[in-house]
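What follows is a set of notes on a single structure, which appears directly below.
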Amino acid sequence: MFHVTSDGETSILFHVLPDGETNSPLSFDAGLLVGILVGEGSFGGDGKQPQVTLRMHIRHRALFSWLIDRFPGSRLYGPYHHGGRSYYQWMARGEYLREVLIPLLDQHLTPDIDEYAWSRYLAMKDRYGL
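The sequence shown: position 39 = 1022 (my numbering), numbered continuously.
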């Protein structure tokens, strides 16, 4: 769910669960997502559209399920078994990336948290005109 502030900006306030109930503010959800993306994520694209990707071993299946539940509109692919590795790949792109994930990352990902991840994020935004 979104909230429009007095200056016209939109921010995520809380998440609507599948049964219609709402949970507490998304600060924990946003913090965990940003932390995972800083450590394991990729900010890039396929040359035509931007995407944020998270690729991790299949033992992290519960985490991927949590991401899909908390960030509907993102997609989970796999499991893949390639080159001796077994992994899932979570992706956010298209409208979901532009309307939900970019505002969340703009709000929470800063150079003070991780300058390298922040610079990769800015490069993706610049490359794709976000």
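Cβ atoms here follow ideal geometry from the backbone N, Cα and C, with glycine treated the same way.
Cα-Cα separation, Ile1085 to Lys1108: 9 Å
Backbone secondary structure at Tyr1060 - three-state DSSP: strand
At least 3 beta-carbon pairs within less than 8 Å: the segment 1034 to 1042 vs the segment 1073 to 1080: yes
Residues that His1065 bridges to, as DSSP identifies them: Arg1068
Leu1016 vs Leu1087 beta-carbon contact at 9 Å: yes
Burial state of Ala1106, where buried means 16 or more other Cβ atoms lie within 10 Å: exposed
Collapsed DSSP secondary structure at Pro1086 in the structure displayed: helix
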